[in-house]
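Residue numbers (the working numbering), protein chains in the order written: chain A, 44 to 152; chain B, 159 to 272.
Working notes, beginning with the structure itself.
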Amino acid sequence: GIQVEQSPPDLILQEGANSTLRCNFSDSVNNLQWFHQNPWGQLINLFYIPSGTKQNGRLSATTVATERYSLLYISSSQTTDSGVYFCAVEADSNYQLIWGAGTKLIIKP
Amino acid sequence: ETGVTQSPTHLIKTRGQQVTLRCSSQSGHNTVSWYQQALGQGPQFIFQYYREEENGRGNFPPRFSGLQFPNYSSELNVNALELDDSALYLCASSLMGLGTGELFFGEGSRLTVL
């Protein structure tokens, strides 16, 4: 089955810093989403981005489907950005998302 | 706020018991998916319901079952609970189209099996 790898596994930054999170996948996908899981467990949908580039405030994402990777950019980090960032993909229209192991981000004040 | 609500938020059961978790989907969404997330791991797909039928299933045994109702809300039932069933159970709603669609998650139900 499709493999999803996220890097780095952990990231510690000072407030105000910028960061880039990466998601590599091993096969073509129909669907790619980025999620933020806050410390209480709530999963927040950040981007639905099977290809191309999207921006939402301080966050933006780019998926290069032909090269099988996606990047999540966070600018001017805030402490509320802390949590785990997951990339999840769907392949072959089998109705399930396959998840990476996540990147744990800690933003220090 | 995703509009997806789950209940209960926390519960404790003992091994061998049965549990029912509930999910109300976001307005306008017709599909519900359930995921299990063990501590420190990414979510694992359990199954998806569309038009009141199971539409896809992950690698979970038959003691994990579900229902979807005409109003698109859903239940997840787990029988004969085992210690390894302790996890966060997440419900996601979406609008069925090509594949899974964009998923929106509830806050989860945290199950502890003793």
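Glycine is no exception: its CB is placed at the ideal position from the N, C-alpha and C atoms.
Can the beta-carbon of L140 of chain A be found less than 7 Å from the beta-carbon of R65 of chain A?
-> If you number the first sequence from 1, residue 140 of chain A lands on position 97. If you number the first sequence from 1, residue 65 of chain A lands on position 22. With a cutoff of 7 Å on beta-carbon distance, L140 of chain A and R65 of chain A are scored as not near each other.
Using a Cβ-Cβ cut-off of less than 7 Å, give me the residues of the segment 127-146 of chain A that come near chain B, in sequence order.
-> Flagged, chain order: F129, E133, S136, N137, Y138, Q139, L140, W142, G143, A144, G145.
Would you call D242 of chain B buried or exposed, if buried means 16 or more other Cβ atoms sit within 10 Å of its Cβ?
-> Mapped onto the second sequence, residue 242 of chain B falls at position 84. The residue is exposed, with fewer than 16 neighbouring Cβ atoms inside 10 Å.
Classify S191 of chain B as buried or exposed, calling it buried when 16 or more other Cβ atoms lie within 10 Å of its own Cβ.
-> The residue you call residue 191 of chain B lines up with position 33 of the second sequence. S191 of chain B comes out buried.
Identify whether E211 of chain B lies in helix, strand or coil by the three-state DSSP scheme.
-> Walking along the second sequence from the start, residue 211 of chain B turns up at place 53. Here E211 of chain B sits in strand by DSSP.
From which residue to which residue does the beta strand (DSSP E) around I170 of chain B run?
-> For this step, residue 170 of chain B is matched to residue 12 along the second sequence. Note, I170 of chain B: beta strand (DSSP E), 168-171.
May I ask you to list the residues that DSSP assigns as paired with A250 of chain B?
-> Start at 1 with the first residue of the second sequence, and residue 250 of chain B comes out as number 92. The secondary-structure analysis by DSSP pairs A250 of chain B across a beta bridge with B:S191, B:F263.
Is N213 of chain B near Q206 of chain B, with beta carbons less than 7 Å apart?
-> As a position in the second sequence, residue 213 of chain B is number 55, starting the count at 1. As a position in the second sequence, residue 206 of chain B is number 48, starting the count at 1. Taking 7 Å as the cut-off, the beta carbon of N213 of chain B is found closer than this to the beta carbon of Q206 of chain B.
Using the C-alpha atoms, what's the distance from P228 of chain B back to I149 of chain A?
-> As a working note, residue 149 of chain A is residue 106 in the first sequence. As a working note, residue 228 of chain B is residue 70 in the second sequence. The alpha-carbon atoms of I149 of chain A and P228 of chain B are separated by roughly 42 Å.
Can you have a look at T189 of chain B and say buried or exposed, based on whether 16 or more other CB atoms are within 10 angstroms of its CB?
-> As a working note, residue 189 of chain B is residue 31 in the second sequence. Around the beta carbon of T189 of chain B, 16 or more other beta carbons sit within 10 angstroms, so the residue counts as buried.
Within chain A, partners of G224 of chain B - CB distance below 9 Å = Taking the first residue of the second sequence as position 1, residue 224 of chain B is located at position 66. In chain order: nothing, as chain A lies at least about 13 Å away.
Would DSSP call A108 of chain A helix, strand or coil?
-> Here residue 108 of chain A refers to the residue found at position 65 of the first sequence. A108 of chain A: helix per DSSP, three-state reduction.
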